[in-house]
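Notes follow the structure.
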Amino acid sequence: MVLRFIDIHPHVISDDEGRYPPAPLFGKRSDWSQERPCTVETLIAAMDEAGVAKAAVVHSSTTYGFDNSYVVDACNAYPDRLVPVGSVDVLDPDAVGTIREWVGKGLAGLRVFTGGSTKEFDASELDDPRAYPAWELLGELGQPMCIQTGAVGLDAVTSLAKRFPQVPIILDHLARPDVTDGPPYAAAKSLFALAAYPSIYLKLSPRIMSDSTKGAATPETFFPKLAAEFGAQRMAWGSNFPTSPGTLAEIKATAEKRLASLSEADREWVFGKTAQKLYRRLAD
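UniProt numbering numbers the first residue of the sequence shown as 1 and each following residue consecutively.
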């Protein structure tokens, strides 16, 4: 079987700060965006080297805040291979108009960044009624929402999945579950509880690839359980390149190794078909 690889979590950073000035969310720029910047041309070259066909490129909130200009311009330069995923202040009274404007420029999905490399998680903005119009619009447009949060935000994620079942919700980095206790992975109970909501999808990035080898966890016990609970049709690979160390080819090779215990059919979904389901413009 020849897998078709589609990445739903690389980032790009412009080398032209005059045209695309940094304005990081929360006022602090991420270290990785300064130490390992990656222009769209660099990303395309890395994809070619690694054998990655297409990608949904995620806007760097810790570089550009809510200005999606670079990720949109970058992806529009390679429309046959890339689609942009941006960030909008969903609590803003004009959020609906802002989303429509960015979608008109090519945006294929949104991401809510509640914390991470530059700030502790704050899930208060997730299930906030002021954000509901934005979620309703995503449902109308058929666009997914990525959520960057930790376990602290999973109750809010559940509420949103119940309220807006028509919006695909993609959990960045699986919301960072603790899997070190090993089978049956009781410490990750709150993650597995989300399997009951069919609109929730899982983004498998280098963080979980690493965590699956720590403590009593093993890739051979964790990933098959994840697929059994959620279904591979709700799991997709994301490289987190260049945020995570290593070349894209190395990151991809690690993911292939960690997921080797899954069936061929499941790996087809994780490495490509789920991405095409979530982002229709990535379809062949």
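In this text, a Cβ means the ideal position worked out from N, Cα and C, and glycines have one as well.
Computed from a predicted model, the values in this text were never measured in an experiment.
Minimum C-alpha distance to residue i - residue among the options
i	options	result
residue 38	256, 242, 266 and 268	242
residue 252	264, 51 and 63	51
residue 208	94, 228, 232 and 254	254
residue 44	23, 83 and 68	83
residue 14	74, 260 and 3	74
residue 198	225, 168, 206 and 222	168
residue 175	28, 140, 143 and 211	211
For residue i, the three-state DSSP class (helix, strand or coil)
i	result
residue 40	helix
residue 137	helix
residue 148	strand
residue 84	strand
residue 113	strand
residue 6	strand
residue 107	coil
residue 154	helix
residue 282	helix
residue 252	helix
residue 74	helix
residue 126	coil
residue 58	strand
residue 171	strand
residue 46	helix
residue 236	strand
residue 52	strand
Contacting residues, own chain, Cβ-Cβ under 7 Å from residue i (five flanking each side not counted)
i	result
residue 113	25, 61, 87 and 148
residue 249	49 and 50
residue 220	261
residue 291	Residue 291 falls outside the range modelled here, since the chain spans only 1 to 284, and no answer is possible.
residue 130	91
C-beta atoms of residue i and residue j nearer than 7 Å
i	j	result
residue 228	residue 182	no
residue 265	residue 276	no
residue 163	residue 201	no
residue 203	residue 156	no
residue 145	residue 137	no
residue 232	residue 179	no
residue 11	residue 58	yes
Residues near residue i by beta carbon distance below 6 Å, same chain, minus five either side
i	result
residue 81	54
residue 119	Unreliable positioning characterises residue 119 in this predicted model, as indicated by a pLDDT of 47, which lies under 50. A coordinate reading is not provided.
(message) I'd like the ranges of any alpha helix (DSSP H) spanning at least 4 consecutive residues and lying wholly in the segment 178-216.
(response) Here the runs fully enclosed are 189-192 and 206-211.
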